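*Asks:*
Number of protein chains: 2
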Amino acid sequence: MHGRAPFPVSDFFDNWVIQVRKGVIELCILRTLATRERYGYELVKELSEAPGLGLTEGTLYPLLSRLRVSGLVQTRLEESSAGPARKYYSLTPEGRRTLKTMNAFLETLNRTTATLGGTP
Amino acid sequence: MHGRAPFPVSDFFDNWVIQVRKGVIELCILRTLATRERYGYELVKELSEAPGLGLTEGTLYPLLSRLRVSGLVQTRLEESSAGPARKYYSLTPEGRRTLKTMNAFLETLNRTTATLGGTP
DNA sequence: GCCAGCTACCTTGTGTCACACGGTATGCAC
DNA sequence: GTGCATACCGTGTGACACAAGGTAGCTGGC
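Those sequence lines, one after another, are chains A and B. All the letters of the first sequence, read from the start, carry residue numbers 1082 to 1201 under our numbering. All the letters of the second sequence, read from the start, carry residue numbers 1082 to 1201 under our numbering.
(1) Determine the chain A residues that contact residue 1143/B at a beta-carbon separation under 9 Å, and present them in chain order.
(2) With a threshold of 8 Å, are at least 3 pairs of Cβ atoms found where one atom belongs to the region 1157 to 1176 of chain A and the other to the region 1103 to 1118 of chain A?
(3) Assign residue 1159/B to one of three DSSP states: helix, strand, or coil.
(4) Measuring straight from C-alpha to C-alpha, what distance separates residue 1139/B and residue 1121/B?
(5) At 7 Å on the CB atoms, spell out the chain B contacts of residue 1063/A, in chain order.
(6) To test your reading of the DSSP string, which unbroken beta strand (DSSP E) runs of 3 or more residues are found completely within the region 1097 to 1131 of chain A?
(7) For residue 1179/B, which residues from the same chain have a beta carbon less than 8 Å from its beta carbon, with the 5 sequence-adjacent residues on both sides left out?
(8) Say yes only if the C-beta of residue 1105/B is nearer than 7 Å to one or more non-hydrogen atoms of the ligand MG, and no if none qualify.
(9) Once DSSP output is grouped into helix, strand and coil, what is the label at residue 1187/A?
(10) For a contact defined as C-beta to C-beta under 9 Å, what are the partners of residue 1132/A on chain B?
(11) On the three-pair Cβ rule with 8 Å, is the region 1189 to 1197 of chain B touching the region 1098 to 1109 of chain A?
(12) Specify the secondary structure class of residue 1146/A as computed by DSSP and reduced to three states.
(13) Using a Cβ-Cβ distance cut-off of 8 Å, determine whether residue 1186/B contacts chain A.
(14) With distances taken between CB atoms, is the gap from residue 1093/B to residue 1151/A smaller than 8 Å?
(15) Is residue 1112/B close to chain A? Criterion is C-beta to C-beta, closer than 8 Å.
(16) Is the CB of residue 1125/A under 8 Å away from at least one CB in chain B?
(17) Per DSSP, which one or two residues make a beta bridge with residue 1192/A?
(18) Here's a check: name, in chain order, each residue in its chain whose Cβ is nearer than 8 Å to the Cβ of residue 1164/B, leaving out the five neighbours to either side.
(19) Identify which residue in 1124/B, 1197/B, 1156/B, 1103/B has its Cα closest to the Cα of residue 1176/B.
(20) Quick check on the burial criterion: 16 or more other C-beta atoms within 10 angstroms. Buried or exposed for residue 1084/B?
(21) I'd like to confirm the pairing. Which residues does DSSP put opposite residue 1172/B in its beta bridges?
(22) Kindly list, in the order they appear in chain B, the residues whose Cβ is closer than 9 Å to that of residue 1146/A.
(23) State yes or no: is the C-beta of residue 1141/B within less than 8 Å of the C-beta of residue 1109/B?
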């Protein structure tokens, strides 16, 4: 049995993956928006192919709403010549500030986990 | 001592931190147990001081139960000369296997997030 | 005209989980 | 015996990813 999926699966591992992604996905979206604005469907296309993320529309859109309510992103509607109007998302100044803090925290956390059982 | 995390707080950030920790905490426990067995209270003392983790008893004990039910850790009771009996937790073979898979996945995820908005 | 198919957005229901708070019990110092 | 540290565990709350489904605009074939 050499079924070579990227990662083997089990009950516990599947749930763990979901939990791990929870925080990372928000960070990925903010980082992606930090380079330039995007519209929702564009984000889905890009991030659904990122290894390990596995983003879907049902995850992204509620998340973007939360980010907007929290004041981290702002939106802008633009007519498209080929399809429905697109809603572009971009970072607010507070969004950029928060992103910096998140990056710092994650770095600390990574350093902590690395020194626990890995190679001190 | 009262080591307070050196990170500013906000509504969104606080929730995000909780989400990020969710997956990492399980990994930290498994990694810690990979070096040698520990009892619960010992784990709380050690991991509650790890920067960024902020582990408490209410988080740890249900988590250890879940790990035991999932077959990743096993327990052993031992009388203590100074206090109540201690329940020692150690990794099962399946626990070690799962830990390896988790490490591999997290490495992939870290590489993905690093290439998103960091340094293209 | 009309319908199939892509683009683009969003909602609802289900299940998982950290954390705060509280509870129980043992041993030791005074 | 009363306080304090040790050591274990459970419940309630709220947050959230994900699957599945829904709405609507535009284009091309006929």
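Note that beta-carbon positions come from the ideal geometry of N, C-alpha and C, so glycine has one too. If you're wondering where the values come from, they're calculated on a predicted model, not measured in any experiment.
*Replies:* According to the structure data:
(1) Here residue 1143/B is taken as the residue at index 62 of the second sequence, counted from 1. Result: empty, since nearest Cβ-Cβ is about 14 Å, beyond 9 Å.
(2) yes
(3) If you number the second sequence from 1, residue 1159/B lands on position 78. Strand at residue 1159/B.
(4) Translated into the one-based positions of the second sequence, residue 1139/B becomes position 58. Translated into the one-based positions of the second sequence, residue 1121/B becomes position 40. In a straight line, the C-alpha of residue 1139/B is about 11 Å away from that of residue 1121/B.
(5) One cannot answer for residue 1063/A here, as it falls past the ends of chain A, which runs 1082 to 1201.
(6) none
(7) Taking the second sequence and counting its residues from 1, the one referred to as residue 1179/B is at position 98. 1111, 1153.
(8) The ligand MG is absent from the structure shown, which contains no ligands of any kind.
(9) Taking the first residue of the first sequence as position 1, residue 1187/A is located at position 106. Note: residue 1187/A maps to helix in three-state DSSP.
(10) The count along the first sequence starts at 1 and reaches residue 1132/A at position 51. Per Cβ cutoff of 9 Å: 1189, 1190, 1192, 1193.
(11) yes
(12) Sequence index remark: in the first sequence, residue 1146/A carries index 65 (1-based). Correct three-state label for residue 1146/A: helix.
(13) For this step, residue 1186/B is matched to residue 105 along the second sequence. Cβ-Cβ to chain A under 8 Å: yes for residue 1186/B.
(14) The count along the second sequence starts at 1 and reaches residue 1093/B at position 12. The count along the first sequence starts at 1 and reaches residue 1151/A at position 70. The answer is yes: Cβ separation under 8 Å.
(15) Counted from its first residue, the second sequence places residue 1112/B at position 31. At least one chain A Cβ lies under 8 Å of residue 1112/B.
(16) Locating residue 1125/A in the first sequence gives position 44, counting from the first residue. No - not a single Cβ of chain B is within 8 Å of the one on residue 1125/A.
(17) Within the first sequence, the letter at position 111 stands for residue 1192/A. DSSP output for residue 1192/A lists no bridge partner at all.
(18) Along the second sequence, one-based indexing puts residue 1164/B at 83. Hits under 8 Å: none found.
(19) Walking along the second sequence from the start, residue 1176/B turns up at place 95. It is 1156/B.
(20) As a working mapping, residue 1084/B is identified with position 3 in the second sequence. Because residue 1084/B sits at a pLDDT of 33, beneath the cut-off of 50, its placement in the model cannot be relied upon, and the following sentence gives the value as read from the coordinates. By the neighbour-count rule (16 or more Cβ atoms within 10 Å), residue 1084/B is not buried but exposed.
(21) Locating residue 1172/B in the second sequence gives position 91, counting from the first residue. Beta-bridge pairing links residue 1172/B to 1154/B.
(22) Locating residue 1146/A in the first sequence gives position 65, where the first residue counts as 1. Ordered by position in chain B, no residue passes the 9 Å Cβ test against residue 1146/A, which lies about 13 Å from the chain.
(23) Your numbering for residue 1141/B matches position 60 in the second sequence. Your numbering for residue 1109/B matches position 28 in the second sequence. Not in contact: residue 1141/B and residue 1109/B (Cβ atoms no closer than 8 Å).
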